[in-house]
Amino acid sequence: MTFAGVLKILGAGMVVAASTLIGDSAARALRKRVEVLEEVRAALQRLVTHIGYHSEPIASAMEAAAQPCSTESRDLFLEAARNLRSGDGAPALEAWSKALDVVAGRSPLNTSDVTALRLLGPALGGSDRRDQARHIESAIRTLGVHIDEARDHSARHATLYRQMGVLCGILLALLLV
Amino acid sequence: MTGALKRIEDEVLVFMPESLRRQVAQTLYRLSDQDLMLLSEIRVRSGLHCTLRIAGREITVGDGEPYVVSGEDIERMFNLISANSVHAFEEEIRNGYITVKGGHRIGMAGKTVLEGGRVKTLRHISSFNIRVTHECPGAASQVIPHLIENCRPQSSLIVGPPGSGKTTMLRGISRLLSLGLPEYGVPPLDVGIADERSEIAGCYRGVPQNDVGPRTDVLDGCPKAEGMMLLIRAMSPGVIITDEIGTAEDASACIEASCAGVCVMASAHGAGRGDLANRPSLRRLLAAGAFSRIVFLSSKHAPGTVDEICDGRGRTLVRGPLEGSR
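From first to last, the protein sequence lines stand for chains A and B. Under the numbering used here, the first residue of the first sequence is numbered 28, with each subsequent residue one higher. Under the numbering used here, the first residue of the second sequence is numbered 105, with each subsequent residue one higher.
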């Protein structure tokens, strides 16, 4: 085999590998969305406990709720707690919205997930324990719908994205070679 | 920066939004150390000037021009005081005040929301009254010798009008009895405080912010009568201290505690013997012999001035004025 032939095979291999990686990363993003939504839901469930039963102020309740979470969901609650502590008395809505603005951009959550979470903001911190628990539980139920949808979407599309990555890579390699 | 100023900045001004905080701080910087020690209230009202009360004088806050408090200032201040968490201060808001770190009390007024004829919460807060507390280590030192007999503290009732230093005196008594008074043969005693309104110990998240002594247990925010019984059962104190008794339940609890051999130190509103006789529950308490000493306070010379000390039968033991050291 000539040197040019070896180069062609190597190039084709790299194209297929790159395309496979792109497909795989798209499939992983779908799974990651489910994971983050599940973690946010679990954190909100802990928030209900910290607010409804322990009667903790919202900033420390958010910090406690964020503890077992991994990066994105933890960042959301810790950022909101930080905003609450340094907000010069700004409403909790502002602290929560700012945290969502900062964290949502680098998370796999889509616009509708962020909108659902944003709806929790106006209720945060402004009423008694029972009412707070009611609002957060309502957000948990809404997230449940998003999680089901994200799981379904992931199940249907993750394999497709991965296979398409490989196939597109092969097709591109054949066309180039 | 002086200690008093630093304390006020760290414990009180942190609950004000930046714009108001700057103005109040500027005004405080111009005060003498003595005035800072006498600062008793900071009043913040929406649409009006913010004022400081110093030993009966009123000083308007402002750097040149008097500062007018805006609605947004009030809103932000409420968020800072409540840490954006109405749910965490439900009971306090219902009672109209929140005790903050340092034992300072922030009273608030606004639109009340009623449920079943009782205040459920406050909304649309329009004014705050920050009552600044200062430690008065010697507040009870002049009175305490008269409350001891045979090396044992006697159950005592402190009577005085609002602002006469009843709570400060109870706090001083707690500190002294908890430390012990070897000069009078009184050993250090376990003291229990039933602090329904968080005034005596000024608890913040359950931790006393005022010095109430090293052997003192505080039951914070618990109704007095229930709290006294709970303390007896759970903490077996030698002395129980409680503030502003007045109801039949309070009277029964005091009698119960006295019968259990516990020394009770309590306070009650009243301007003198006449007021005491006019209140049925207090009359019942005195008739039952629950108190061996009655201390009448006033603000004649300064808050904490002792007008008279009587025994349980109303016989005068000491005639004042003994000036308080508040």
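Even glycine gets a Cβ: it sits at the ideal position worked out from N, Cα and C.
CA-to-CA distance, Lys404/B to Gly151/B, given in whole angstroms: Numbered from 1 along the second sequence, position 47 holds the residue referred to as residue 151/B. Numbered from 1 along the second sequence, position 300 holds the residue referred to as residue 404/B. Answer to the nearest angstrom: the Cα atoms are 35 Å apart.
Could you pull out every residue in the same chain whose Cβ sits closer than 8 Å to the Cβ of Val130/A, ignoring the five residues on either side in sequence? Mapped onto the first sequence, residue 130/A falls at position 103. Residues Glu99, Asp102, Leu103, Glu106 of the same chain have their beta carbon placed closer than 8 Å to that of Val130/A, with the five preceding and five following residues left out of the count.
Using the C-alpha atoms, what's the distance from Ala56/A back to Arg319/B? Taking the second sequence and counting its residues from 1, one reaches residue 319/B at position 215. Taking the first sequence and counting its residues from 1, one reaches residue 56/A at position 29. Cα to Cα, Arg319/B sits roughly 59 Å from Ala56/A.
Boundaries (first-last residue) of the beta strand (DSSP E) holding Asp379/B: As a working note, residue 379/B is residue 275 in the second sequence. Segment 377–382 is the alpha helix (DSSP H) holding Asp379/B; no beta strand (DSSP E) there.
With a threshold of 9 Å between beta-carbons, can His208/B be considered close to chain A, or not? Walking along the second sequence from the start, residue 208/B turns up at place 104. No Cβ of chain A is located within less than 9 Å of the beta carbon of His208/B.
Would you mind stating whether Gly135/B and Arg157/B have Cβ atoms separated by less than 9 Å? Taking the first residue of the second sequence as position 1, residue 135/B is located at position 31. Taking the first residue of the second sequence as position 1, residue 157/B is located at position 53. Looking at the sequence shown, residue 135/B is not Gly but Leu. Judged by their CB atoms, Leu135/B and Arg157/B are not nearer to each other than the 9 Å cut-off.
Stretch-stretch touch, CB-based, cutoff 8 Å, three pairs: the stretch 386–404 of chain B with the stretch 254–270 of chain B: Yes, the stretch 386–404 of chain B is in contact with the stretch 254–270 of chain B.
Less than 9 Å between the beta carbons of Ser113/A and Gly148/A, yes or no? As a position in the first sequence, residue 113/A is number 86, starting the count at 1. As a position in the first sequence, residue 148/A is number 121, starting the count at 1. No. Outside cutoff.
Close beta carbons around Gly276/B, own chain, < 6 Å, minus the five adjacent residues each side: Counting from 1 along the second sequence, the entry for residue 276/B is found at position 172. Ala243, Ala244.
Starting from Asp321/B, trace the beta strand (DSSP E) both ways and give me its first and last residue. In the second sequence, the residue the question calls residue 321/B occupies position 217. Per DSSP, Asp321/B belongs to the beta strand (DSSP E) from 320–324.
Could one say the Cβ of Ser429/B lies closer than 9 Å to chain A's Cβ atoms, at least one of them? As a first step, residue 429/B must be located in the second sequence, where it is residue number 325. Annotation note: pLDDT 44 at Ser429/B (below 50); position unreliable, no value reported.
Test: Glu83/A CB closer than 9 Å to a CB of chain B: Position 56 of the first sequence holds residue 83/A. Yes, contact with chain B.
Taking C-beta to C-beta, are Arg54/A and Ser181/A nearer than 9 Å? What you label residue 54/A is simply residue 27 of the first sequence in a count that begins at 1. What you label residue 181/A is simply residue 154 of the first sequence in a count that begins at 1. The residue you asked about is not Arg; residue 54/A is Ala in the sequence shown. Contact: yes.
Cβ atoms of Leu274/B and Asp347/B: under 9 Å apart, would you say? Sequence index remark: in the second sequence, residue 347/B carries index 243 (1-based). Sequence index remark: in the second sequence, residue 274/B carries index 170 (1-based). With respect to Leu274/B, Asp347/B sits close: the two C-beta atoms are nearer than 9 Å.
If we cut at 9 Å on Cβ distances, does Gln72/A have a partner in chain B? Working through the first sequence from its first residue, we reach residue 72/A at position 45. Output row for Gln72/A: interface = no.
Return no unless some Cβ of chain B is closer than 9 Å to the Cβ of Pro27/A. With chain A covering only 28 through 204, there is no way to say anything about residue 27/A.
Note down, in chain order, every chain A residue with its Cβ under 7 Å from the Cβ of Ala192/B. As a working note, residue 192/B is residue 88 in the second sequence. Those are Ser82, Glu83, Pro84, listed as they occur along chain A.
Just to confirm before moving on: does the CB-CB distance between Pro341/B and Gly306/B stay below 9 Å? Along the second sequence, one-based indexing puts residue 341/B at 237. Along the second sequence, one-based indexing puts residue 306/B at 202. Gly306/B is positioned such that its CB atom lies no closer than 9 Å to that of Pro341/B.
Distance, Arg58/A Cα to Gln190/A Cα: Sequence index remark: in the first sequence, residue 190/A carries index 163 (1-based). Sequence index remark: in the first sequence, residue 58/A carries index 31 (1-based). Cα-Cα distance, rounded: 16 Å.
Does chain B have any CB closer than 9 Å to the CB of Gly153/A? The sequence position of residue 153/A within the first sequence is 126, counting from 1. By this cut-off, Gly153/A is an interface position.
Measure from the C-beta of Glu62/A to each C-beta in chain B and report whether the shortest distance is under 9 Å. Counted from its first residue, the first sequence places residue 62/A at position 35. By this cut-off, Glu62/A is not an interface position.
Tell me, please, whether the stretch 148–165 of chain A touches the stretch 67–85 of chain A by the rule of three or more beta-carbon pairs shorter than 8 Å. With the cut-off at 8 Å, the stretch 148–165 of chain A and the stretch 67–85 of chain A touch.
Specify the secondary structure class of Tyr201/B as computed by DSSP and reduced to three states. Position 97 of the second sequence, counted from the first residue, corresponds to residue 201/B. Three-state DSSP puts Tyr201/B in a strand.
What residue from Pro312/B, Asp299/B, Val316/B, Ala159/B has the CA that sits closest to Pro292/B's CA? For this step, residue 292/B is matched to residue 188 along the second sequence. The shortest Cα separation from Pro292/B among Pro312/B, Asp299/B, Val316/B, Ala159/B belongs to Val316/B.
With DSSP run on the structure shown, which of helix, strand or coil describes Arg301/B? Here residue 301/B corresponds to residue number 197 of the second sequence, with the count starting at 1. Looking at Arg301/B - three-state DSSP - the assignment turns out to be coil, as it is neither helix nor strand.
Using a Cβ-Cβ cut-off of 8 Å (strictly less than) and excluding sequence neighbours within five positions of Leu421/B, which residues of its own chain qualify? Numbered from its first residue, the second sequence carries residue 421/B at position 317. Within the same chain, Leu421/B has close Cβ partners His250, Arg397, Ile413, Cys414, Asp415.
How would you write the range of the beta strand (DSSP E) that Arg370/B sits in, first residue to last? By 1-based counting over the second sequence, the position of residue 370/B is 266. Here the sequence assigns Ala to residue 370/B, which means Arg is not the residue at that position. Taken as a continuous stretch (DSSP letters only), the beta strand (DSSP E) holding Ala370/B covers 367–373.
Can you give me the C-alpha to C-alpha distance between Ala361/B and Arg161/A, rounded to a whole angstrom? Taking the second sequence and counting its residues from 1, the one referred to as residue 361/B is at position 257. Taking the first sequence and counting its residues from 1, the one referred to as residue 161/A is at position 134. So the two alpha carbons sit approximately 43 Å from each other.
Identify whether Ser230/B lies in helix, strand or coil by the three-state DSSP scheme. Here residue 230/B refers to the residue found at position 126 when the second sequence is read from its first residue. For Ser230/B, the three-state secondary structure derived from DSSP is strand.
Which listed residue (Leu64/A, Ser139/A, Ser134/A, Leu201/A) has its alpha carbon closest to that of Arg178/A: Stepping through the first sequence from its first residue, residue 178/A is reached at position 151. Among Leu64/A, Ser139/A, Ser134/A, Leu201/A, the Cα nearest to that of Arg178/A is on Leu64/A.
C-beta atoms of Gly207/B and Pro312/B nearer than 9 Å: To locate residue 207/B, count along the second sequence from 1; it is residue 103. To locate residue 312/B, count along the second sequence from 1; it is residue 208. Note that the C-beta distance between Gly207/B and Pro312/B is below 9 Å.
At least one CB of chain B closer than 9 Å to the CB of Gln190/A: is that the case? Within the first sequence, numbered from 1, the residue matching residue 190/A stands at position 163. It does not; no Cβ of chain B falls within 9 Å.
Residues in the same chain with beta-carbon distance under 7 Å from Arg430/B, minus the five sequence neighbours each way, listed in chain order, please. By one-based count along the second sequence, residue 430/B stands at place 326. Per-residue confidence for Arg430/B stands at a pLDDT of 44, beneath the threshold of 50, marking its modelled position as unreliable; no derived number is given.
Using a beta-carbon distance below 9 Å, is Val116/B in contact with chain A? For the purposes of this step, residue 116/B is identified with residue 12 of the second sequence, where counting begins at 1. No - not a single Cβ of chain A is within 9 Å of the one on Val116/B.
So Met28/A is in the beta strand (DSSP E); what residue range does that whole segment cover? Within the first sequence, numbered from 1, the residue matching residue 28/A stands at position 1. From DSSP, Met28/A is part of no beta strand (DSSP E); its letter is neither H nor E.
Output needed for Ile197/B: all residues of its chain with C-beta closer than 8 Å, excluding positions within five of it in sequence on either side, in chain order. Residue mapping note: residue 197/B aligns to position 93 of the second sequence, counting from 1. These residues qualify, in order along the chain: Ser186, Val190, Met212, Thr225, Leu226.
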